[in-house]
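The block underneath contains the structure these notes are about, expressed in structure tokens.
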Amino acid sequence: MLFMLSRQEFHVHQIRSEKQRLVKSINKSAPDDRKIEHLKLIREYQLLWAESTWCLKKQQKKLKKYLEVNPHLNGLELYQQAVNALKDMRIPTK
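Counting in the working numbering, the sequence shown runs from -17 upward without gaps.
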């Protein structure tokens, strides 16, 4: 799940960076082809971000169900970390 979170943050960073590049292209009156390329990349990154969000929500549900089914693990430190991670987890929205 940590990998998925970092991947999601990376996609958000890519979207922001590409939007900044698009703004610079517009300000510099760059050719339309370049602007279209920026828009394509932004859309691509948004799709990747949406996919990673879906995967993260799916894993979050699996973890929550696993923790509910196995309450006998309650005393373990790893169990507590998982419970805390679920409480703290914030899946970003657009």
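Where a beta carbon is used, it is the ideal one built from N, C-alpha and C, also for glycine.
Kindly list the residues whose CB is nearer than 7 angstroms to the CB of residue i, restricted to its own chain and excluding five residues on each side of it in sequence; keep chain order.
i	result
Lys17	Leu4, Ser7, Ile8
Met(-14)	Ser34, Cys37, Leu38, Gln41
Val65	Leu49
His(-7)	Tyr27, Leu30, Trp31, Ser34
Ala12	none
Looking only at C-alpha atoms, which of the options sits nearest to residue i?
i	options	result
Leu45	His(-7), Ile24, Leu60	Leu60
Gln2	Gln(-10), Phe(-15), Leu21	Leu21
Leu49	Gln63, Ile(-3), Arg25	Gln63
Arg(-2)	Arg25, Asp15, Ala12	Arg25
Measure how close the beta-carbons of residue i and residue j come, nearest whole angstrom, since I'm counting them as under 8 angstroms.
i	j	result
Tyr27	Gln(-10)	That belief does not hold up - the Cβ atoms of Tyr27 and Gln(-10) are roughly 11 angstroms apart, past 8 angstroms.
For residue i, I'd like the list of residues in its chain whose CB is within less than 6 angstroms of its CB, leaving aside the five on either flank, ordered along the chain.
i	result
Leu23	Glu0
Lys76	For Lys76, the pLDDT reaches just 43, beneath the cut-off of 50, and the residue's location in the model is therefore unreliable, leaving the point undetermined.
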